[in-house]
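Trainee: Chains as they are written, first to last, in numbering that gives the first Met the number 0: chain X, 0 to 366; chain B, 0 to 366; chain U, 0 to 366; chain S, 0 to 366. From the three backbone atoms N, C-alpha and C, an ideal C-beta is built for every residue, glycine too. Have a look at the structure that comes next, please.
4 protein chains.
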Amino acid sequence: MSLNTFGHLFRVTTWGESHGPALGATVDGCPPGVALDEAMIQHWLDRRKPGQSKYTTQRREADAVRILSGVYEGRTTGTPVQLMIENTDQRSKDYGEIAGKFRPGHADITYWLKYGIRDPRGGGRSSARETAARVAAGSVAREALKLLAPEVRISGYMVQMGRLRADRDRFDMGEVERNPFWSPDAAAAAIWAAHLDELRKSGNSVGAVIEVVASGVPAGLGAPVYGKLDTDLAAAMMSINAVKGVEIGAGMGAAELTGTENADEIFMGNDGKPRFSSNHAGGILGGISTGQDLVVRFAVKPTSSILAPRRTITVAGEETGIVTKGRHDPCVGIRAVPVGEAMMACVILDHLLLHRGQIGDAGGRIG
Amino acid sequence: MSLNTFGHLFRVTTWGESHGPALGATVDGCPPGVALDEAMIQHWLDRRKPGQSKYTTQRREADAVRILSGVYEGRTTGTPVQLMIENTDQRSKDYGEIAGKFRPGHADITYWLKYGIRDPRGGGRSSARETAARVAAGSVAREALKLLAPEVRISGYMVQMGRLRADRDRFDMGEVERNPFWSPDAAAAAIWAAHLDELRKSGNSVGAVIEVVASGVPAGLGAPVYGKLDTDLAAAMMSINAVKGVEIGAGMGAAELTGTENADEIFMGNDGKPRFSSNHAGGILGGISTGQDLVVRFAVKPTSSILAPRRTITVAGEETGIVTKGRHDPCVGIRAVPVGEAMMACVILDHLLLHRGQIGDAGGRIG
Amino acid sequence: MSLNTFGHLFRVTTWGESHGPALGATVDGCPPGVALDEAMIQHWLDRRKPGQSKYTTQRREADAVRILSGVYEGRTTGTPVQLMIENTDQRSKDYGEIAGKFRPGHADITYWLKYGIRDPRGGGRSSARETAARVAAGSVAREALKLLAPEVRISGYMVQMGRLRADRDRFDMGEVERNPFWSPDAAAAAIWAAHLDELRKSGNSVGAVIEVVASGVPAGLGAPVYGKLDTDLAAAMMSINAVKGVEIGAGMGAAELTGTENADEIFMGNDGKPRFSSNHAGGILGGISTGQDLVVRFAVKPTSSILAPRRTITVAGEETGIVTKGRHDPCVGIRAVPVGEAMMACVILDHLLLHRGQIGDAGGRIG
Amino acid sequence: MSLNTFGHLFRVTTWGESHGPALGATVDGCPPGVALDEAMIQHWLDRRKPGQSKYTTQRREADAVRILSGVYEGRTTGTPVQLMIENTDQRSKDYGEIAGKFRPGHADITYWLKYGIRDPRGGGRSSARETAARVAAGSVAREALKLLAPEVRISGYMVQMGRLRADRDRFDMGEVERNPFWSPDAAAAAIWAAHLDELRKSGNSVGAVIEVVASGVPAGLGAPVYGKLDTDLAAAMMSINAVKGVEIGAGMGAAELTGTENADEIFMGNDGKPRFSSNHAGGILGGISTGQDLVVRFAVKPTSSILAPRRTITVAGEETGIVTKGRHDPCVGIRAVPVGEAMMACVILDHLLLHRGQIGDAGGRIG
């Protein structure tokens, strides 16, 4: 990762500010021959798009993507794919007050301290709006995966809002698309809805935990010791706005286990491939995929833009108070679901290409 | 990060296997003029060295480091610093059985599936022994920080073993060096000792949570959006053997907070610098340091090498059982403390250089 | 350099095809606070623009650049600067025949063999049109250099067309902007004009040598041994379309010198800085700048698109002939002058940032 | 390329100074399963070793390489290969005078200006001794190529010494190993021998041009537009000590050609692969290999260490004179031959892996 670029061979550079003319992603290293058009990308962008339920910001953005390069007659050519999304709804008057004050919990103060200049309109580069570019890039990765590893399936969902956890015994993946929280637990979704209504009315916000699972991932992806698959997944998820923690498999809970509890025993499956008695490893051992499901979770902090007045300072160093009006997500974790999926897709594709580059077909076989 | 290299400008490539002739770190991009000799590095290596208490592996390694390049008359020259540690205690007979079987929870199976060849002696490249090279590299970073940001202090300690958590009300940093667990809570250390004695006798192991805090870190380090300071810290910690989760500040717990609870309010300090009412952010907003303490935690899974028999398969695809003898850490998290500190030092120095490169003195001032 | 990206800290990724909707450059790592607007960039783009004299292609492109990100109120913010140039004149009917045949000397055949798909319209990604994005990015580097190293001056000019060499005794830098060949030798320009008229009429083309000189470059830029300043300059120039050779200082001619002839003796200047009796080194010793003028030359092959019929093959493997009609530069080297300048600007800025990052003010002084 | 590292997937980091304890190469990204032992590497190191004829430095170095990691039972494991060469003959007394004076044509002054500290013993990091590490790394690349592209053959030879050029009509590749200059023209070798005897006696030195050709390179290697094969070859060769110019195919001479002369016409070979009427392109079109021979030439300047007194300055800024005694190569270009071959091997392997990573088997076919 290098400032605004992530990935080794499949490299994504995102660019753009919340209220500038446009934002997007420069995608380099995509394999050639991948079927790609704007509708395919739009499908995924629409899932992240604001204003789709009362639980997300009411900012209206078409989030219409244009492919500016790298595609010829509906297929990628192997050259950089430029994806551009124009910003259309830029009510910068909403953001007048914050040009001179630093919003607590926001990047306002750090951008100022770092750069000596900042674009205050909508948070500029630090806006969650940047994640639209990730979703666009992720959709390219998804299409490439269809070609190279068609058995890969990626699904993200919310497993916790505030202190309210979904119940894994009630998980039904069919529910995920049926509620505004991408919850596989319909009962939890109903409880969250009520909880969020209350928070929204009081101008407050709340955090969440998102889980992203990828099945069908070939064994052998990843590399010692700084190009580990879990290292790159952790980096990918932590780079998403507002994320404060990342877990693989058992995650932080691994600390609570004993060795006998934690070890995933190994068997032979009927298909001649290894099977495991459990998946505390989250599909990764020694930084390399086992062929089990990749399981990643990340915590999203509560939206910092809240109506409750907070104490802060001005650029001039004066202490003051601030109320963040505007149109904000009461639980920004909701819209992080498609973003986490997109990052998962990018990391898997990147490691698939890396593996093919270094190893080709020289991997080991069992039996 | 690129396979075995991490860092942008301060780049560390580690190399070597557990039972090969030697292992080490190639450190490129170190600033010139940094005072450095072998004793300075040895000081930190000795903290990680096995066999120092009954709670760590009884393998005897001198872990004596040699500087092979990049230093002239006791100061770095700005050229690559090669640090080599020879392996002296290589009882590979201990590892005979595992050449043909995959140890559950280990990288044996994934290295095989990826590479079609693996060095089974002591886990080869996936051995925790690799972390000695990190500690050596981290000690170079520490010396460079003394020159460039002398106010930086890094301290790591254990905050949880299994389900037993240290009590922050009892924290006394003076205790950290006085018990074999690097615990700031002396009472917890005593409890952990008893717990670990029991586990060790039963041939079992347990996980742990490590916290690493850096104070005195200048504001402004890090960069949007994939070169974020927290992104690189997450990657650095997740790349350590056996780590399954990483948290910044409030971490996974951020999900449980509301916006009003989470927002760290901002004040002016007497020194004219911003102060914060709390540090849920872990010292990072928008990927850029605030000047507060950097707070990182990571969970280390229990050692997978346990005496209890586990079910597994052979390279030939036969189901079998395995008992991992040998000299193993019952709580590998203990020795992860100096490793976490080393990674923190490397990431801070790297971002300090990156910041100086792009920004120089052009950062913003308050007041 | 990584596929479509060059630079270490100041990183430029160009994207786009000759006849796609647009092309451009994603510029990451630019220092903040640099004055920048579209007119500043347009100034340099206009120098490269086709159709400015009868000696360049008659394709009409406005080459109007739009800044889509990274600039706020006329200054760079330190975040990615996206520069987009829309393609307006896309007569793809001109290119009908070449979809199925490979033009000798062109990348048609290698793109096909590599990717299994190619955009035949105007050469797609391999078109010299890509260099517009370089010039745009280079203009950002120039503005940053004004801020960080205001004494740097970059000037490119043609020193040879075909076998006709300019005479250094007649060099007058004031002439460079006064003839269509960027020649500092007015007499040579007149001769070249006549020569090119003849070639153009016969549908032929010719090669050229371009020299780019940068004065005012601080000593100390560059780094051993693969981040050498000359290494990066060679890569930068060789990456320009149609370039087949790169020289630093004495260049290939250095082979003909003896040690006594070649060694640039060192003196003290009145300003307390080192002076050299000559500049065979081209301003670089051991990969690091001496403070003398950086002197780079590169050879541009003749345009491969010529009217004379050439033998070639089709995708189907049939032997055939081809005549490349369309609007082509008879001496593509002419328009390479601003491109070489742009690459020089990017490399100098990148190394300035790298040097500041690793070294800061710790460089050595003489006297 | 990043300071002391080159390569994208096959990444080589060299380290070490001329008179430090050791030097070497950290080779990351090597494919697994490559047969490798120290004797294989030694074979190539011995070709570069000093003191083999009266025409190279009389410094005696065993240049004995040790493999410290990444190899198990005679095959690479896919983890970093550490190659170490200990320095044994370190007559640093020879170098006493130069600690305070800057040798003209050497990196003494630029290392000082850059770093504020330098290792004066034998030129430290800027010594041509560093190239031993390149040859060692290159030999790993050669063995990997034997596995992945066994038809690749790399041969380097000298084509010019001073103003004396070898005659291509007399080229006999069988002669290359039979004379101390790696000359394919036996008559030229005899003339060079006499010329060099004379120069050596007078304490002078001379430059040279080396050509390196690779045959059997698959079509399709390289990538637009900054990861071009010729870009990386130019960077690789220019990074070798004392190199001042690099040419691909027709090279600087391409400037003298017309389009009709330059275009390599295309035919179908009997084997169903494209054939070309000539190879002005040096095997590369649009940055991508055509399947023809890769042809690279580079100019090596005369050794700057000469007995003739030269004017220079001291660190204190005083003007003085200097005579460089010690044991130096009168034509350092001779020993650059195996170095150029090594760089060629590294670049080809790296691009082979890159191509396999992004493209796999998706390349296009003709016929």
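Using the Cα positions of X:Asp231 and B:Ala234, report the straight-line distance between them to the nearest angstrom.
Mentor: 7 Å
Trainee: Which term fits U:His42, buried or exposed, when burial requires 16 or more other beta carbons within 10 angstroms of its beta carbon?
Mentor: exposed
Trainee: Given that S:Arg10 touches chain U, what residues does it touch there, using C-beta distances under 8 Å?
Mentor: Near S:Arg10 there are no residues of chain U at all, since even the closest Cβ is about 10 Å away, more than 8 Å.
Trainee: Whose C-beta lies closer than 6 Å to the C-beta of X:Thr302 among residues of the same chain, with five residues either side of it excluded?
Mentor: Ser204, His327, Asp328 and Val331
Trainee: If you compare alpha carbons, which of X:Ser138, X:Ala143 and X:Tyr54 is closest to X:Pro30?
Mentor: X:Ala143
Trainee: Since X:Val294 contacts X:Gly248 with CB under 8 Å, what's their CB separation in whole angstroms?
Mentor: Confirmed, Cβ separation roughly 5 Å.
Trainee: Starting from the beta carbon of S:Ala377, find every residue of chain X whose beta carbon is closer than 8 Å, and list them in chain order.
Mentor: Outside the displayed span of chain S (0 to 366) sits residue 377 of chain S, for which this structure offers no information.
Trainee: Does the Cβ-Cβ distance between X:Tyr156 and X:Ser182 come in under 9 Å?
Mentor: yes
Trainee: Whose C-beta lies closer than 6 Å to the C-beta of S:Lys324 among residues of the same chain, with five residues either side of it excluded?
Mentor: none
Trainee: Would you kindly report the start and end of the unbroken alpha helix (DSSP H) that includes U:Thr130?
Mentor: Judged by DSSP secondary structure, U:Thr130 falls within the alpha helix (DSSP H) whose first and last residues are Thr130 to Leu147.
Trainee: Extract the residue ranges of the alpha helix (DSSP H) inside the region 37-67 of chain X, only unbroken runs of 4 or more that lie entirely within it.
Mentor: You should have 37-47.
Trainee: Quick one: list the residues of chain U neighbouring B:Gly244, beta-carbon separation under 9 Å, in chain order.
Mentor: What B:Gly244 touches in chain U: nothing, since even the nearest Cβ is about 30 Å away.
Trainee: Which stretch, first to last residue, makes up the alpha helix (DSSP H) that contains B:Ile190?
Mentor: Note, B:Ile190: alpha helix (DSSP H), Ala185 to Lys200.
Trainee: Count the other C-beta atoms from every protein chain shown that fall within 10 angstroms of the C-beta of U:Gly73, then say buried if there are 16 or more, exposed otherwise.
Mentor: Exposed, since its Cβ has fewer than 16 Cβ neighbours within 10 Å.
Trainee: Is it true that the CB of S:Val64 sits closer than 9 Å to the CB of S:Val26?
Mentor: no
Trainee: Establish whether the CB of X:Pro103 and some CB of chain B are separated by less than 9 Å.
Mentor: yes
Trainee: What residue does the alpha helix (DSSP H) around U:Pro237 start on, and which one ends it?
Mentor: For the sequence presented, residue 237 of chain U should be read as Met rather than Pro. First-last of the alpha helix (DSSP H) with U:Met237: Leu228 to Met237.
Trainee: Per the DSSP calculation, X:Lys100 is bridged to which residue(s)?
Mentor: By DSSP's assignment, X:Lys100 forms a beta bridge with X:Thr313.
Trainee: Measure how close the beta-carbons of U:Leu2 and X:Gly28 come, nearest whole angstrom, since I'm counting them as under 8 Å.
Mentor: 6 Å
Trainee: So what does DSSP say about S:Trp14, is it helix, strand or coil?
Mentor: strand
Trainee: Using a C-beta to C-beta distance shorter than 8 Å, which residues of chain B count as neighbours of U:Thr323?
Mentor: Chain B residues near U:Thr323: none, gap ~41 Å exceeds 8 Å.
Trainee: Once you ignore the five residues that flank U:Phe5 on each side, which residues in its own chain have a CB closer than 6 Å to its CB?
Mentor: Hits under 6 Å: Val11.
Trainee: Name the one or two DSSP bridge partners that S:Phe297 has.
Mentor: For S:Phe297, which the question treats as bridged, DSSP gives the partners S:Ile209 and S:Val245.
Trainee: Thinking just about the alpha-carbon of each residue, which of X:Met343, X:Lys48 and X:Arg128 is nearest to the one in X:Asp229?
Mentor: X:Met343
Trainee: Of all the CB atoms in chain S, is at least one closer than 9 Å to the CB of X:Arg274?
Mentor: Closer than 9 Å: no.
Trainee: Between the C-alpha atoms of B:Asp107 and S:His7, what's the straight-line distance to the nearest angstrom?
Mentor: Taking C-alpha positions only, B:Asp107 is separated from S:His7 by approximately 27 Å.
Trainee: Figure out for me which residue from X:Val338, X:Ile287, X:Tyr110 and X:Glu260 has the closest Cα to the Cα of B:Gly206.
Mentor: Answer by Cα proximity: X:Glu260.
Trainee: Check each candidate in S:Arg274, S:Glu264 and S:His279 and name the one with the smallest Cα separation from S:Ala254.
Mentor: S:His279
Trainee: What residues are listed by DSSP as bridge partners for X:Tyr379?
Mentor: Nothing in the structure corresponds to residue 379 of chain X, since chain X is present only between 0 and 366.
Trainee: So what's S:Arg364 in DSSP terms, helix, strand or just coil?
Mentor: coil
Trainee: So the candidates are S:Gly173, S:Ala132, S:Glu318 and S:Ile265; which of them puts its Cα closest to the Cα of S:Ala24?
Mentor: S:Ala132
Trainee: Out of B:Ser277, B:Leu348, B:Thr13 and B:Gly285, state which residue places its alpha-carbon closest to the alpha-carbon of B:Arg124.
Mentor: B:Thr13
Trainee: Rounded to a whole number of angstroms, what is the C-alpha to C-alpha distance between U:Leu170 and S:Asp184?
Mentor: According to the sequence provided, residue 170 of chain U is Phe. The question's Leu does not apply to it. Taking the straight line from one Cα to the other gives about 40 Å.
Trainee: Skipping 5 residues on each side, what residues in its chain have a beta carbon closer than 6 Å to that of B:Val212?
Mentor: In its chain, beyond the 5 residues on either side, Ser154, Asp292 and Val294 have a beta carbon closer than 6 Å to the beta carbon of B:Val212.
Trainee: Note the first and the last residue of the continuous beta strand (DSSP E) segment covering U:Pro369.
Mentor: The structure shown does not extend to residue 369 of chain U, since chain U is modelled only from 0 to 366, so the question has no answer here.
Trainee: Any idea if B:Arg47 is buried or exposed, counting beta-carbon neighbours within 10 angstroms, 16 or more meaning buried?
Mentor: buried
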